[in-house]
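Everything below concerns the one structure shown next.
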Amino acid sequence: MNHFQRPDGLPPVNGYSHVVSFSGTVVAVSGQVPMDEHGRAVGIDDPEEQTRQVFRNLEVALKAAGSDFARVVKLTVYLTDLDDLAVFRKVRDEYLDHSAPPASSLVQVKGLINPAFRVEIEALAVI
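Our numbering numbers the first residue of the sequence shown as 16 and each following residue consecutively.
Have a look at this one:
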């Protein structure tokens with residue numbers, strides 16, 4: 016993998032790379048939501064706990080496919096409230112390498128499949 020956090024001519028970044036090139040087997044992880052292994056919603060009205068559960072779910076999914084956070088090349092993040100952005104960044108930074116962050120997109124959405132969910136994240140990684 017090659018990370019190009021801020022190629023000349025592109026705006027500043029905050030915890031992501033503008034471009035990541037890679038080769039190898041691609042792993043696509045479906046959008047993970049704040050539910051535990053029993054299907055229970057986690058962290059109702061607590062965006063930090065919801066985000067942590069989503070990253071825990073991503074970690075399990077990546078491991079099942081033979082990958083990990085160090086091999087994530089792209090995250091797509093869906094937040095229902097942009098006031099949760101700082102919390103998302105805090106938790107994300109606990110899981111991802113600051114020196115080689117993945118490419119990333121962040122979208123504010125009106126709602127997710129369960130109205131109590133505040134965050135959903137999907138990932139692309141390599142093996």
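Backbone N, C-alpha and C fix where the C-beta goes; we use that ideal spot for every residue, glycine too.
Sub-8 Å separation of residue i and residue j beta-carbons
{"i": "Val48", "j": "Val69", "result": "yes"}
{"i": "His121", "j": "Leu94", "result": "At residue 121 the sequence reads Leu, which differs from the His that was named. Yes, the pair counts as a contact, with Cβ atoms nearer than the cut-off."}
{"i": "Ala101", "j": "Ile142", "result": "no"}
Coarse secondary structure for residue i, derived from DSSP in three states
{"i": "Ala118", "result": "strand"}
{"i": "Leu19", "result": "One point to set straight first is that residue 19 is Phe, not Leu, in the sequence displayed. It is a strand residue."}
{"i": "Glu52", "result": "coil"}
{"i": "Thr91", "result": "strand"}
{"i": "Ala101", "result": "helix"}
Option in the options with minimal Cα separation from residue i
{"i": "Phe19", "options": "Glu63, Gln65, Gly39, Ser114", "result": "Ser114"}
{"i": "Asn17", "options": "Val35, Gly81, Val42, Gly30", "result": "Val35"}
{"i": "His53", "options": "Pro62, Gly46, Asn72, Glu63", "result": "Asn72"}
{"i": "Asp60", "options": "Ala76, Ser38, Arg133", "result": "Arg133"}
{"i": "Val42", "options": "Phe103, Leu77, Arg55", "result": "Leu77"}
{"i": "Glu109", "options": "Asn129, Ala131, Ala85", "result": "Ala85"}
Close-in-space but distant-in-sequence residues of the same chain around residue i (CB under 7 Å, 5 per side omitted)
{"i": "Arg21", "result": "Pro27, Val28, His33"}
{"i": "Arg107", "result": "Gly30"}
{"i": "Gly126", "result": "Thr95"}
Own chain residues within Cβ distance below 6 Å of residue i, not counting five before or after
{"i": "Ala138", "result": "Val44, Leu73, Val87, Leu90"}
{"i": "Gln123", "result": "Leu94, Leu97"}
{"i": "Arg104", "result": "Gly30"}
Quick check: the region 117-125 against the region 87-100, are at least 3 beta-carbon pairs closer than 8 Å? yes
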